[in-house]
Ligand SMILES: Nc1ncnc2c1ncn2[C@@H]1O[C@H](COP(=O)(O)OP(=O)(O)OP(=O)(O)O)[C@@H](O)[C@H]1O
Ligand SMILES: [Mg+2]
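Protein chains in written order, with this note's numbering: chain A, 1 to 236; chain B, 1001 to 1285.
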């Protein structure tokens, strides 16, 4: 069953149209990869789903409800959470305050303590640095915090834009391990990831986006064997 | 010597009240990068609020200030939704013009209703004599009240959920939205708190100085100097900035004519901007 459905969505910035009728459906408990070249519209898709951009046309459905017109804060309240490109931490706040901010939606407030414990177990580094200002964390630690803050919101759908950008390979493996753990809890996820090979290996389904349109879609295992995908995105 | 000491203490007491006014200005700047040019008239409305409530119901002025505080909050939220919200993402000139319009409206209406003749709140708490120093009771109480207000603001910002939201929106509005925070409402609340602080400061000043509807202008200028001293955007720095300005105002007249006070204040203002633009106590980068 699809938890989140993007139906024929068009969107853009000002006068410039970027998305030209995107259809994506996120199945419950599944990890879906969104693959595409730089500028293909992956971030734009996530921002439009989240309500940071208003869709020009088409619609977005969450649990059978039309959420096309909801602003980002209302989406977060409902359980659709975005870990944005560029992390967007509260740089003046401590690590722990960032995490507590993550738990702002009503559905997450009562679970603050449980979820804090959970993310501190996932990322012991964050626990060591809980009183440090997030702006002074290393790039990798900041990325952990961004993901952890998303988990604190107790999401039903978690979208992660650029999971591993600029991180050391060991850390990337750790973060992918975290994704597997999250999947085991039944969380529905959408992932944008530069390392297409790893993204396809960890995800169930994938969509290839090109110039604001879905070019290919299918089970990740199949797409990983697709000739076009192999030459254009895997460099094989 | 005793005379100087008395002036310093007097200035210090007044400084707490200046600090509260400046906290209002700097809070709004820190959260939404808006210079509130209606700050002065709202201070004056705080004065008139206490004057009118005291006159009409013979309520204790400090109880009147509580009412004025609530009205100040409501007024600020209304000003935000009517005048500020629509230009919040526009260049600074637009927000300056929007709040300046509010300034003109309040002063225009205020002058029409109250004329420009001075008023004062007929209220006294006698005076307090400590050895060679005599202090006005109302000023001592005002200083304590200002400390309470500053402490309450600190606790609100750092110990409550809504305070955390305000700091989060100030730090990164988009990220706060992503966390489910209705940032526009938080901005309205912040603007309301800023005007509430201005109104409270006005109310406290009204218990010991006479005033007209134009009286807020001078305190608005002081708030700018203090805000820059303490680091614009840093409400706690503003309290210390207020104390410094208060003490200067106490001391300067013992060395030179009182008319020199604003000259020295603005020299200080320019000096700080030149050598330490982040303020003495740092602030948001
Ligand atoms: N704020 C903006 N204003 C105007 N154009 C924008 C804006 N943000 C993105 N674009 C344009 O929209 C197009 C799609 O950008 P988007 O960020 O969605 O790509 P992406 O697939 O996430 O790329 P990347 O892999 O580089 O992150 C690009 O051509 C980009 O230049
Ligand atoms: Mg992107």
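Using N, Cα and C, we set each Cβ at its ideal position, and we do this for glycine too.
Given the structure is predicted, the values throughout are model-derived calculations rather than measurements.
For residue i and residue j, what's the separation of their Cα atoms in angstroms?
i, j, result
"residue 1054 (chain B)", "residue 148 (chain A)", "54 Å"
"residue 1064 (chain B)", "residue 1216 (chain B)", "19 Å"
"residue 222 (chain A)", "residue 1036 (chain B)", "59 Å"
"residue 1012 (chain B)", "residue 1256 (chain B)", "19 Å"
"residue 1286 (chain B)", "residue 1156 (chain B)", "The first residue shown for chain B is 1001 and the last is 1285, placing residue 1286 (chain B) beyond what the model contains."
"residue 1128 (chain B)", "residue 1141 (chain B)", "11 Å"
"residue 111 (chain A)", "residue 1252 (chain B)", "57 Å"
"residue 32 (chain A)", "residue 1160 (chain B)", "38 Å"
"residue 1280 (chain B)", "residue 1266 (chain B)", "16 Å"
"residue 175 (chain A)", "residue 1092 (chain B)", "42 Å"
"residue 1151 (chain B)", "residue 1114 (chain B)", "34 Å"
"residue 1027 (chain B)", "residue 1173 (chain B)", "15 Å"
"residue 1104 (chain B)", "residue 1206 (chain B)", "21 Å"
"residue 168 (chain A)", "residue 1164 (chain B)", "33 Å"
"residue 29 (chain A)", "residue 188 (chain A)", "4 Å"
"residue 1284 (chain B)", "residue 1233 (chain B)", "The predicted position of residue 1284 (chain B) is uncertain, since its pLDDT is 48 and thus under 50; a value taken from the coordinates is nonetheless stated next. The straight-line gap from Cα to Cα measures roughly 6 Å."
"residue 191 (chain A)", "residue 124 (chain A)", "23 Å"
"residue 225 (chain A)", "residue 231 (chain A)", "10 Å"
"residue 34 (chain A)", "residue 207 (chain A)", "5 Å"
"residue 1254 (chain B)", "residue 1262 (chain B)", "15 Å"
"residue 1278 (chain B)", "residue 1228 (chain B)", "7 Å"
"residue 227 (chain A)", "residue 235 (chain A)", "11 Å"
"residue 136 (chain A)", "residue 1133 (chain B)", "49 Å"
"residue 1016 (chain B)", "residue 1139 (chain B)", "10 Å"
"residue 1131 (chain B)", "residue 1188 (chain B)", "48 Å"
"residue 215 (chain A)", "residue 1034 (chain B)", "45 Å"
"residue 156 (chain A)", "residue 85 (chain A)", "20 Å"
"residue 1273 (chain B)", "residue 1084 (chain B)", "27 Å"
"residue 2 (chain A)", "residue 24 (chain A)", "10 Å"
"residue 99 (chain A)", "residue 49 (chain A)", "23 Å"
"residue 68 (chain A)", "residue 193 (chain A)", "25 Å"
"residue 1077 (chain B)", "residue 1166 (chain B)", "14 Å"
"residue 8 (chain A)", "residue 180 (chain A)", "30 Å"
"residue 13 (chain A)", "residue 1270 (chain B)", "42 Å"
Are the CB atoms of residue j and residue i within a distance shorter than 8 Å?
i, j, result
"residue 1240 (chain B)", "residue 1230 (chain B)", "yes"
"residue 1238 (chain B)", "residue 1023 (chain B)", "yes"
"residue 134 (chain A)", "residue 93 (chain A)", "yes"
"residue 18 (chain A)", "residue 212 (chain A)", "yes"
"residue 1199 (chain B)", "residue 1068 (chain B)", "yes"
"residue 153 (chain A)", "residue 102 (chain A)", "yes"
"residue 1149 (chain B)", "residue 1020 (chain B)", "yes"
"residue 59 (chain A)", "residue 1180 (chain B)", "no"
"residue 1175 (chain B)", "residue 143 (chain A)", "no"
"residue 1213 (chain B)", "residue 1107 (chain B)", "yes"
"residue 90 (chain A)", "residue 1171 (chain B)", "yes"
"residue 1043 (chain B)", "residue 1202 (chain B)", "yes"
"residue 1087 (chain B)", "residue 1095 (chain B)", "yes"
"residue 1223 (chain B)", "residue 1045 (chain B)", "no"
"residue 51 (chain A)", "residue 75 (chain A)", "yes"
"residue 172 (chain A)", "residue 233 (chain A)", "no"
"residue 61 (chain A)", "residue 11 (chain A)", "no"
"residue 238 (chain A)", "residue 130 (chain A)", "With chain A covering 1 to 236 only, the question about residue 238 (chain A) has no answer from this structure."
"residue 1014 (chain B)", "residue 1246 (chain B)", "yes"
According to DSSP, residue i sits in a beta bridge with which residue or residues?
i, result
"residue 7 (chain A)", "A:59"
"residue 213 (chain A)", "A:210"
"residue 13 (chain A)", "A:16"
"residue 65 (chain A)", "A:62"
"residue 1208 (chain B)", "Residue 1208 (chain B) pairs with nothing; no bridge assigned."
"residue 43 (chain A)", "Per DSSP, none; premise fails for residue 43 (chain A)."
"residue 1272 (chain B)", "Its beta-bridge partners do not exist; DSSP assigns none."
Given 7 Å as the limit, tell me if residue i has its C-beta closer than that to any heavy atom belonging to ligand 3.
i, result
"residue 13 (chain A)", "With respect to ligand 3, the structure offers nothing, as its ligand set consists of ligand 1 and ligand 2."
Check: Quick one, which residues of the stretch 75–88 of chain A are near chain B if we go by CB-CB under 7 Å, in chain order?
Finding: 76, 77, 82, 84, 88
Checklist line | Heavy atoms of ligand 2 versus C-beta positions, residues under 7 Å | finding: A:42, A:43, A:85, A:161, A:162, A:192
Check: Using a beta-carbon distance cut-off of less than 8 Å, what residues from the stretch 1219–1230 of chain B approach chain A?
Finding: none
Margin query: Can you pull out the residues from the stretch 36–68 of chain A whose beta carbon lies closer than 8 Å to at least one beta carbon of chain B?
Written below: 50, 52
Next item on the list: Check distances from the C-beta atoms of the stretch 1015–1031 of chain B to those of chain D and list, in chain order, the residues that come in under 9 Å.
Entry: The question asks about chain D, but that chain is absent: this structure's protein chains are A and B.
Next item on the list: Using a Cβ-Cβ cut-off of less than 7 Å, list which residues of the stretch 156–174 of chain A approach chain B; keep chain order.
Entry: none
Check: Taking any Cβ of chain A, which residues in the stretch 1144–1174 of chain B have a Cβ under 9 Å from it, in chain order?
Finding: 1161, 1164, 1165, 1167, 1168, 1170, 1171, 1172, 1174
Margin query: Any C-beta of chain B within less than 8 Å: which residues of the stretch 184–218 of chain A qualify?
Written below: none
Next item on the list: Can you give me, in chain order, the residues of the stretch 1173–1187 of chain B that have a beta carbon less than 8 Å from any beta carbon in chain A?
Entry: 1174, 1175, 1176, 1177, 1178, 1179, 1180, 1181, 1182, 1183
Item checked: Proximal residues, the stretch 87–101 of chain A versus chain B, C-beta separation under 8 Å -> 88, 89, 90, 91, 92, 93, 97, 100, 101
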